[in-house]
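Down below is the structure, laid out as structure tokens.
Number of protein chains: 2
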Amino acid sequence: MQSLLELRHLKTLAAIRDAGNLTRAAERLFLTQSALSHQLRLLEEHYGLPLFARKTAPLKLTPAGDKLVQLADLVLPQIANAERDIAKLREGEAGSLRIAVECHTCFDWLMPAMDTFRERWPEVELDIVSGFHADPVQLLFEDRADLAIVSVPEAESGIAHLPLFAYDMVGLLARDHPLATKPFLAAEDFAGETLITYPVPDEMLDLIRQVLKPAGVNPKRRTTELTVAILQLVASRRGIAALPGWSVQHYLERDYVAARPITANGLRAELNAAVLDDRAHTAYLQDFVAIVREVCVAELPGIQLIG
Amino acid sequence: MQSLLELRHLKTLAAIRDAGNLTRAAERLFLTQSALSHQLRLLEEHYGLPLFARKTAPLKLTPAGDKLVQLADLVLPQIANAERDIAKLREGEAGSLRIAVECHTCFDWLMPAMDTFRERWPEVELDIVSGFHADPVQLLFEDRADLAIVSVPEAESGIAHLPLFAYDMVGLLARDHPLATKPFLAAEDFAGETLITYPVPDEMLDLIRQVLKPAGVNPKRRTTELTVAILQLVASRRGIAALPGWSVQHYLERDYVAARPITANGLRAELNAAVLDDRAHTAYLQDFVAIVREVCVAELPGIQLIG
DNA sequence: GGTTTGTCATGACTGCTGCTCATGTTTTGG
DNA sequence: CCAAAACATGAGCAGCAGTCATGACAAACC
């Protein structure tokens, strides 16, 4: 008769509420759908009440399920706060988090993540390393940054990589562009076009490194600093571009430009946080990574948490 | 790196704080001391900090341990509330809890327990069945009571017994009574004395049923309704009595009377809650039993939870 | 001071249970 | 109406939370 409820169950329930179905919730919790189904069945048997109205999408909560989800929303943050406080006891409150970014579009989610971080770790000095840097990892060694957002996690001694998320790059075209009729863009399709990119070295452009260069395709180029400028150029038929799907969702919904997958299998990219090895276990660095993952999985469409 | 903390740990920590040491805390949780020691070690490894200052009695909390205990005090009641709410969803809020008591001294703890119950289940009609009843279980069948506090759990079809706690009866003597020099009271010691009891049938008096009757001892008798009157009579050398140890702690501390164990092994007694079989799973009845146990283990000296 | 008593720590072992895997059933959406 | 997606279910397994037995240590007690 004693309570079978554990924090694990509350985490599951909150995840199901957030994800809308068992399968996606299971992914976020790094469990199988089966595990959640078993958990739910046990809880429902224990309380003698259904927690979700099945056979409806999105899953709808019964009053009992709602009670438990509310409980989760109340309790889980309290747990997280207490554990942060303990980490502060262990490591001290102070410290600095200077973030180096090599990806222009990252500011979209970096800002809300930094806001949350600032609330939770008010004593940690938070900053973005300004200016563009070809090799942000170098800044870690020079003690000019504490964490770098990088796409390719190159194994390097002294550096640890904490995975953030993976996503697909999409090719962007004017809505009436001839290529927009194709189901996907192949390397050759770029040959006769002008490619619009950020002004960064080629190695940092996933499209060039993984698709065009291997195929020996070398289109005309044009660069600009701002995402919105790239979109504007594409829409006005001055060229085509490749950007992360999540960074242009807003424009696609408004039919400002058209989007197509790149290659038949898509062009997969990922983002990682790089930190110095010996700081990889620092609580506030780990928590920042967790916050970024939370923010991004909630806000960015079409991304997958990795690691 | 993810949180290893579960509600189980919070319950353990709160119990250790309440009990003052691992051994007693383990008893209350129905676990072994070893289990708690292992739990603690794991938590301390996980957080990289000690939670208790060992080698001190009573165990003293470190700041980190204090954080977690505070968390437990915050979270566990929220959990309990939510689970009560779910029980109300399942069974409805209404119902009645009419309590029949055969034990005069029980009112000591019954009142605070009822106060707590009233807070948690405001919709349940709460009452004590007034007047004295030789067979309170009969009241359950007659639907004049919902729960009876009884000492001997006689197996009876249709009745379920929920264990409360066990304790030792103590023999009470005037401070200068000759028997007060003995390490314990034997059956024969009562032969020449006047025995002061509540005015109830002999079968309900543990001393008579378990000690005097088997030994064929039949002392002079005197009865009174009130515990304080029994104490007064004993103190003024009009006789001796046997009462639960927890019910006279107050008087013993003030040296109002002397107390001795009854028989070499003591005279063990216990209290149970009797309810109708088919209501044994009703949430508010079970919760009342849980409240009584909580109140009593916290307030009454020398009792042991049973079941 | 040595013995006793109460308490916590530790290591070996074990049974439970919470998970995965494989598969069946139901629901959804084109 | 069919294919695809999502959920349910049962079997099997591994990890771990617990017990048991014992050791280490401190305080209490002649």
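Protein chains in written order, with the working numbering: chain A, 275 to 581; chain B, 275 to 581. From the three backbone atoms N, C-alpha and C, an ideal C-beta is built for every residue, glycine too. These numbers were taken from a predicted model, which means no experiment stands behind them.
Excluding the 5 residues flanking it on each side, residue 525/A has same chain C-beta neighbours closer than 7 Å at 505 and 531, in chain order. Around the C-beta of residue 546/A, 16 or more other C-beta atoms lie within 10 Å, and the residue is accordingly described as buried. For residue 298/A, the enclosing alpha helix (DSSP H) stretches over residues 296 to 303.
Sequence-ordered contacts of the stretch 348 to 360 of chain B with chain A read 348, 349, 352, 353, 354, 355, 356, 357, 359 and 360 [C-beta pairs closer than 9 Å].
Contact between residue 460/B and residue 336/B does not hold, since their C-beta atoms are separated by about 50 Å, which reaches or exceeds 8 Å.
In terms of beta-carbon proximity, residue 364/A lines the interface with chain B, with at least one pair separated by less than 7 Å. In the DSSP assignment, residue 470/B falls outside any alpha helix (DSSP H) and within the unbroken beta strand (DSSP E) covering 468 to 471. Think of a sphere of 9 Å around the beta carbon of residue 321/A: the chain B residues whose beta carbon falls inside it are 357, 360, 361, 363 and 364, in chain order. Closer than 7 Å to the CB of residue 341/B there is at least one CB belonging to chain A. The CB of residue 318/A never comes closer than 8 Å to any CB in chain B; the least such distance is about 11 Å.
Counted as a single uninterrupted DSSP element, the stretch harbouring residue 280/A is not any beta strand (DSSP E), since DSSP gives it neither H nor E. Between residue 387/A and residue 410/A, the gap from beta carbon to beta carbon reaches 7 Å or more.
Shown here, residue 386/A sits in a helix according to DSSP, grouped into three states. Straight across, the Cα-Cα distance linking residue 480/B with residue 468/B is about 16 Å. Each of 350/B, 355/B, 493/B and 534/B was checked against the Cα of residue 393/B, and the nearest Cα belongs to 355/B. In its chain, beyond the 5 residues on either side, 442 have a beta carbon closer than 7 Å to the beta carbon of residue 540/B. Inclusion of residue 281/B and residue 280/A in the CB contact set at 7 Å is warranted, their separation being smaller than that value. Assigned with DSSP and collapsed to three states, residue 530/B falls in coil, not helix or strand. If you check each beta-carbon in the stretch 276 to 298 of chain A against every beta-carbon of chain B, the ones closer than 8 Å belong to 277, 279, 280, 281 and 282.
Taking 7 Å as the threshold, the shortest C-beta distance from residue 427/B to chain A does not fall below it.
The three-state secondary structure of residue 409/B, taken from DSSP, is coil. Shown here, residue 437/A sits in a strand according to DSSP, grouped into three states. Per DSSP, reduced to three states, the secondary structure at residue 341/A is helical. Annotated three-state conformation of residue 326/A is strand, per DSSP. The Cβ atoms of residue 291/A and residue 343/A sit closer than 7 Å to each other. No Cβ-Cβ contact shorter than 7 Å links residue 341/B with residue 347/A. Neighbours of residue 345/A in chain B, taken as residues whose beta carbon is under 8 Å from its own, are 352, 353 and 356 in chain order.
Distance from the CA atom of residue 334/B to the CA atom of residue 327/B, rounded to whole angstroms, is 5 Å.
Judged by beta-carbon spacing, residue 294/B lies beyond the 7 Å limit of residue 364/A, meaning their Cβ atoms are not closer than that value. Residue 315/A: member of the alpha helix (DSSP H) spanning 307 to 321, first to last residue.
Here residue 422/B has 373, 374, 375, 376, 410, 411, 413, 414, 547, 548 and 549 as same chain residues with Cβ atoms under 8 Å from its own Cβ, once five neighbours each way along the sequence are excluded. Residue 278/A and residue 289/A do not touch by the CB rule: their CB atoms are close to 19 Å apart, not below 8 Å.
Segment contact: the stretch 427 to 438 of chain B against the stretch 506 to 520 of chain B, fewer than three CB-CB distances shorter than 8 Å; contact not assigned. In the three-state reduction of the DSSP assignment, residue 351/B falls in the helix class. Its Cα nearest to that of residue 495/A, the residue 466/A stands out among 466/A, 518/A and 502/A.
In its chain, beyond the 5 residues on either side, 438, 439 and 579 have a beta carbon closer than 7 Å to the beta carbon of residue 567/B.
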